[in-house]
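Okay, so here's the structure we're looking at.
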Amino acid sequence: GPALTAAIPAFVPKTQFTAANALLQGTTSLGIIFGPALSGLGIAAYGSQEVLCLNAATYMISAAFLLLVRFRNPVTTVPLPAARSTMLQDLIEGFRYSVVTQPRLLFLTSIAALYTFGTSALNALFPVFARKMLGLGPVEVGYLWSALGVGLLVTSIGLLWVTEWRVKDRMRLIMATSVLSGAALCALTVTPDPYLAGLLMGVIGCGMGAFTPIAWGIIQELAPRQMIGRVLGLYGTGAMTAAIGGISAFGWITEQQGPETSLLGIALVLLLTALGATRMSRASVR
104 GPALTAAIPA FVPKTQFTAA NALLQGTTSL GIIFGPALSG LGIAAYGSQE
154 VLCLNAATYM ISAAFLLLVR FRNPVTTVPL PAARSTMLQD LIEGFRYSVV
204 TQPRLLFLTS IAALYTFGTS ALNALFPVFA RKMLGLGPVE VGYLWSALGV
254 GLLVTSIGLL WVTEWRVKDR MRLIMATSVL SGAALCALTV TPDPYLAGLL
304 MGVIGCGMGA FTPIAWGIIQ ELAPRQMIGR VLGLYGTGAM TAAIGGISAF
354 GWITEQQGPE TSLLGIALVL LLTALGATRM SRASVR
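In this note's numbering, the protein residues as written are 104 to 389.
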């Protein structure tokens, strides 16, 4: 969430923000690689209720590890005699900074909302797509999710070498990877072979893995330390709102028009994301 991402600048130098975000995403990728396959086997063997209970336990373990995190370079503030700002004032200040002081961040948030509108629908509805288009069960769907995770992990590792690129160049990378994911989704609609579908899911994962670490890195670089959490909160709010809309919209399309049409719509959203990234790369002077 925004709190975890906003803590990155306290651990690494500015030139390594994107790399740190990529490593953070890499841990998620490992979970995607092994989690779906194991959960698919667990559901087939024991049932969904037992697997959900085990999943809840993993969240508790994650929270326990977060309690062990210590900041080596905490941000110290000097109390001023004036009255402290309220939470509402902080929220207004964060919104004003994103809209007025750094309009690029508002544009980036808009691109992120568009991107999440499509990718969240893919994440939520992919089991439906796999069952209706390929006739796959929970175990096979888990394997395809693992292929997506492999693609995410490959891109996360690759981003370690682009962390010092200019904003313009990193946005061009987002453009290229969004086009790659969109093209792979189009190919997925005409693929009857589960093995080829797994390969395409890996390609889609490679394309999807670039956006979030790069976007977080840009926000961490452009926003002052005390504003990062507020800007990321605005970013997350826009993305989650778009996610709700995307899942609802493409769920309706899947029901009314079929999974192929829905996948083509998600591919179109990713291509529009690429256009937005191209626009921002041209506007960037860094």
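Backbone N, C-alpha and C define an ideal beta-carbon position, used for all residues, glycine too.
Nearest candidate by alpha-carbon position, reference residue i, set the options
i, options, result
"Y246", "A166, V265, I136", "I136"
"V293", "L367, L373, E153, T204", "L367"
"I347", "G305, S223, K235, A106", "S223"
"I321", "G361, Y162, P206, K235", "P206"
"N258", "A377, V154, L283", "Before going on, a small fix: residue 258 reads as Thr here, not Asn. Residue L283 is the option with its Cα nearest to T258."
"Y298", "V270, I307, G339, E243", "E243"
"G339", "S351, F198, I369, A380", "F198"
"C404", "G349, S365, I111", "One cannot answer for residue 404 here, as it falls past the ends of the chain, which runs 104 to 389."
"F120", "T266, G261, T381", "T266"
"P316", "M236, S142, A345, L276", "L276"
"A113", "E358, G332, Y200", "G332"
"T212", "A345, F353, K235", "A345"
"G134", "E358, S165, A352", "S165"
"L256", "E153, A215, S132", "S132"
Coarse secondary structure for residue i, derived from DSSP in three states
i, result
"W264", "helix"
"Y218", "helix"
"G320", "helix"
"F114", "coil"
"T340", "helix"
"A185", "Bear in mind that a pLDDT of 48 at A185, under 50, signals an unreliable position, so the model cannot answer this."
"A167", "helix"
"Y149", "coil"
"R207", "helix"
"R173", "coil"
"G368", "helix"
"R389", "With a pLDDT of 47 at R389, under the threshold of 50, the modelled position of this residue cannot be trusted; read the value that follows with caution. If DSSP states are grouped into helix, strand and coil, R389 belongs with coil."
"A326", "coil"
"G310", "helix"
"G332", "helix"
"G379", "helix"
"G197", "helix"
"L239", "coil"
"N226", "helix"
"G361", "coil"
Buried versus exposed, by CB contacts within 10 Å (16 or more), residue i
i, result
"W319", "buried"
"T179", "Note that T179 scores a pLDDT of 49, beneath 50, so its modelled location is shaky; the value from the coordinates is reported in the next line. Counting Cβ neighbours within 10 Å, T179 comes out exposed, since fewer than 16 surround it."
"L170", "exposed"
"C309", "buried"
"Y218", "buried"
"L225", "buried"
"G238", "exposed"
"T161", "exposed"
"M304", "buried"
"L155", "exposed"
"W355", "exposed"
"T248", "The sequence given here has Trp at residue 248, not Thr. It counts as buried."
"F168", "exposed"
"N158", "exposed"
"Y200", "buried"
"V181", "Bear in mind that the predicted position of V181 carries a pLDDT of just 47, short of 50, making it too unreliable to give a figure here."
"A370", "buried"
"T130", "exposed"
"A300", "buried"
"S151", "exposed"
"A386", "exposed"
Near the ligand FMN: residue i beta-carbon under 8 angstroms from a heavy atom
i, result
"A318", "The ligand FMN is not among the ligands present in this structure, which contains no ligands whatsoever."
Counting only runs that start and end within the stretch 249-308, where is the alpha helix (DSSP H) found for 4 or more residues in a row? Whole alpha helix (DSSP H) segments, 4+ residues: 270-291.
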